[in-house]
Amino acid sequence: MGKLQFHSLPPPIMIIIIITFLLLLHVSSSFAAPHPHHRPQAPSAFNISTILFTTGFTPLFGEPTSSHPLIINLFSFISTNTQARSGFKSSDLYNHGLFSAKIKLPSDYTAGIVVAFYTTNGDIFRKTHDELDFEFLGNIRGKAWRFQTNMYGNGSTNRGREERYYLWFDPSKEFHTYSILWTTKNIIFYIDDVPIREIVRNDAMGADFPSKPMGLYATIWDASDWATSGGKYRANYKYAPFVAEFTDLILPGCPMDPLEEVVADVCAERDNQLASANFASITPKQKLAMKNLGQSICTTPIVTTR
Numbered sequence: 000m001g002k003l004q005f006h007s008l009p010p011p012i013m014i015i016i017i018i019t020f021l022l023l024l025h026v027s028s029s030f031a032a033p034h035p036h037h038r039p040q041a042p043s044a045f046n047i048s049t050i051l052f053t054t055g056f057t058p059l060f061g062e063p064t065s066s067h068p069l070i071i072n073l074f075s076f077i078s079t080n081t082q083a084r085s086g087f088k089s090s091d092l093y094n095h096g097l098f099s100a101k102i103k104l105p106s107d108y109t110a111g112i113v114v115a116f117y118t119t120n121g122d123i124f125r126k127t128h129d130e131l132d133f134e135f136l137g138n139i140r141g142k143a144w145r146f147q148t149n150m151y152g153n154g155s156t157n158r159g160r161e162e163r164y165y166l167w168f169d170p171s172k173e174f175h176t177y178s179i180l181w182t183t184k185n186i187i188f189y190i191d192d193v194p195i196r197e198i199v200r201n202d203a204m205g206a207d208f209p210s211k212p213m214g215l216y217a218t219i220w221d222a223s224d225w226a227t228s229g230g231k232y233r234a235n236y237k238y239a240p241f242v243a244e245f246t247d248l249i250l251p252g253c254p255m256d257p258l259e260e261v262v263a264d265v266c267a268e269r270d271n272q273l274a275s276a277n278f279a280s281i282t283p284k285q286k287l288a289m290k291n292l293g294q295s296i297c298t299t300p301i302v303t304t305r
């Protein structure tokens with residue numbers, strides 16, 4: 000949808016977008032069993048330590064203005080002749096991993112404003128990029144939030160494209176955990192500990208399965224032309240600032256230089272650990288629950304490899 004190529008931005012507009020990254024310096028990963036109507040904790044199966052923002056991430060735009068030691072705060076842009084957006088990215092690229100954060104989305108009227116949490120290598124491999132992402136598509140007060148998951152492998156649009164869903168809770172009221180698992184065998188999108196979508200690798204996919212190292216990104220930006228009801232409802236800056244909060248960042252994986260040839264055994268141990276973790280496979284009970292949930296919340300599946 001254009002978000003990955005930072006050189007291709009929407010038309011100039013006066014804009015104030017503020018993204019607040021609430022990053023806790025010392026957080027334990029004690030995760031409780033979920034209930035979709037309660038504030039969830041990250042699932043016990045993950046049981047992975049969080050990472051400090053200063054250790055694993057860097058701002059994409061602007062500088063943090065908050066002096067609060069626990070907050071990377073206030074990426075602000077006010078301009079009449081440049082497009083502004085806010086976000087952060089991981090300092091490294093990873094060859095597979097679990098990419099997870101607790102996120103609270105902007106409240107009130109947010110039509111046209113997209114919050115994206117995703118992995119990509121699009122800045123390096125412009126024509127053959129890989130991508131896995133959550134995109135939250137803005138909202139009109141009183142309506143259910145819509146989001147989509149995407150998968151691209153080697154630039155191909157033949158498999159795994161967008162699937163759109165309605166959230167069964169208000170993501171602007173409290174934090175929920177959004178996770179993307181990427182292994183050598185499969186990809187699973189989780190909300191809290193609920194698997195939303197699984198893409199299983201098979202021989203027919205070939206290079207269409209993401210295979211090159213990717214970085215983790217989080218951005219907030221104006222996508223009025225398409226995001227909310229196909230562009231019917233556009234961003235209204237009288238409701239600015241639009242604030243998305245991120246905390247409890249998780250980033251286990253194997254850091255790699257994307258331009259170096261990957262030696263098979265360099266990441267083998269970490270890949271094996273990741274592939275054998277509880278959250279890397281879905282039980283028959285979870286598969287049935289995922290199917291039933293998908294039937295009730297999925298609105299526009301396009302191409303699926305489930």
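When we follow numbering that gives the first Met the number 0, the leftmost residue of the sequence shown carries the number 0, and every step to the right adds one.
Note that the Cβ used here is the ideal one computed from N, Cα and C, for glycine as well.
Return the CA-CA distance between residue 97 and residue 182, expressed in angstroms with no decimal places. Your numbering for residue 97 matches position 98 in the sequence shown. Your numbering for residue 182 matches position 183 in the sequence shown. Approximately 8 Å between the Cα atoms of the pair.
Give the secondary structure of residue 306 by DSSP, where H, G and I count as helix, E and B as strand, and everything else as coil. This structure cannot speak to residue 306, because the chain is shown only from 0 to 305.
When the distance is taken between beta carbons, is residue 230 closer than 9 Å to residue 93? Mapped onto the sequence shown, residue 93 falls at position 94. Mapped onto the sequence shown, residue 230 falls at position 231. No. Outside cutoff.
When burial is assigned at 16 or more other CB atoms within 10 Å of the CB, is residue 192 buried or exposed? Numbered from 1 along the sequence shown, position 193 holds the residue referred to as residue 192. It counts as buried.
Count the other CB atoms within 10 Å of the CB of residue 221; is the residue buried (16 or more) or exposed (fewer)? Counted from its first residue, the sequence shown places residue 221 at position 222. Its Cβ being crowded by 16 or more others within 10 Å, residue 221 is buried.
Which of helix, strand or coil does DSSP assign to residue 125? Position 126 of the sequence shown, counted from the start, is the residue given in the question as residue 125. DSSP places residue 125 in coil when its eight states are reduced to three.
Might you give, ordered along the chain, the residues of its own chain that have their beta carbon closer than 7 Å to the beta carbon of residue 208, omitting 5 neighbours on each side? Start at 1 with the first residue of the sequence shown, and residue 208 comes out as number 209. Once the five neighbours on either side are set aside, the close Cβ partners of residue 208 are 152, 200.
Starting from residue 295 and walking both ways along the beta strand (DSSP E), at which residues does that stretch end? Residue 295 sits at position 296 when you count from the first residue of the sequence shown. No beta strand (DSSP E) contains residue 295, which is instead part of the alpha helix (DSSP H) from 283 to 296.
CA-CA distance, residue 286 and residue 236? To locate residue 286, count along the sequence shown from 1; it is residue 287. To locate residue 236, count along the sequence shown from 1; it is residue 237. So the alpha carbons of these two residues sit roughly 41 Å apart.
What residue from 205, 242, 141 has the CA that sits closest to residue 174's CA? As a working note, residue 174 is residue 175 in the sequence shown. It is 242.
Closest by C-alpha distance to residue 164, when choosing among 157, 146, 178: Taking the sequence shown and counting its residues from 1, one reaches residue 164 at position 165. Among 157, 146, 178, the Cα nearest to that of residue 164 is on 146.
By the 10 Å Cβ neighbour count, where 16 or more other Cβ atoms means buried, how is residue 51 classified, buried or exposed? Looking up residue 51 in the sequence shown gives position 52. By the neighbour-count rule (16 or more Cβ atoms within 10 Å), residue 51 is not buried but exposed.
Would you say the stretch 100 to 112 touches the stretch 128 to 142, given that touching needs at least three Cβ pairs under 8 Å? yes
By how many angstroms is the C-alpha of residue 227 removed from the C-alpha of residue 116? Your numbering for residue 116 matches position 117 in the sequence shown. Your numbering for residue 227 matches position 228 in the sequence shown. Their backbone Cα atoms lie some 17 Å apart in a straight line.
If we ignore side chains and look at the alpha-carbon of each, how far apart do residue 223 and residue 268 end up? Your numbering for residue 223 matches position 224 in the sequence shown. Your numbering for residue 268 matches position 269 in the sequence shown. Whole-angstrom Cα-Cα distance: 44 Å.
Could you check which residue in 99, 130, 239 has the C-alpha nearest to that of residue 278? For the purposes of this step, residue 278 is taken as residue 279 along the sequence shown, with counting starting at 1. Answer by Cα proximity: 99.
Roughly how many angstroms lie between the CA atoms of residue 196 and residue 184, to the nearest whole one? The count along the sequence shown starts at 1 and reaches residue 196 at position 197. The count along the sequence shown starts at 1 and reaches residue 184 at position 185. A straight-line Cα-Cα distance of about 14 Å links residue 196 and residue 184.
What number of angstroms, rounded off, separates the C-alpha of residue 293 from the C-alpha of residue 54? Within the sequence shown, the letter at position 294 stands for residue 293. Within the sequence shown, the letter at position 55 stands for residue 54. Going by the C-alpha atoms only, they are around 36 Å apart.
Simplified DSSP assignment, three categories, for residue 269: Along the sequence shown, read from residue 1 onward, the residue named residue 269 stands at position 270. Reduced to three states, the DSSP call for residue 269 is helix.
Of all the options 234, 123, 157, which has the alpha carbon lying nearest to the alpha carbon of residue 203? In the sequence shown, counting from the first residue as 1, residue 203 sits at position 204. Minimum Cα distance to residue 203 is reached at 157.
Pick from 284, 166, 234: whose alpha carbon is nearest that of residue 110? If you number the sequence shown from 1, residue 110 lands on position 111. The option with the nearest alpha carbon to residue 110 is 234.
So residue 120 packs on residue 132, CB below 8 Å; how close in whole Å? For the purposes of this step, residue 120 is taken as the residue at position 121 of the sequence shown. For the purposes of this step, residue 132 is taken as the residue at position 133 of the sequence shown. Residue 120 to residue 132, Cβ: 12 Å. No contact.
Residue interval of the beta strand (DSSP E) (run including residue 87): If you number the sequence shown from 1, residue 87 lands on position 88. Residues 85 to 89.
Check each candidate in 250, 274, 129 and name the one with the smallest Cα separation from residue 211. For the purposes of this step, residue 211 is taken as residue 212 along the sequence shown, with counting starting at 1. That would be 129, whose Cα lies nearest to the Cα of residue 211.
How would you write the range of the beta strand (DSSP E) that residue 252 sits in, first residue to last? Within the sequence shown, residue 252 is the residue found at index 253, counting from 1. Unbroken beta strand (DSSP E) run through residue 252: 252 to 255.
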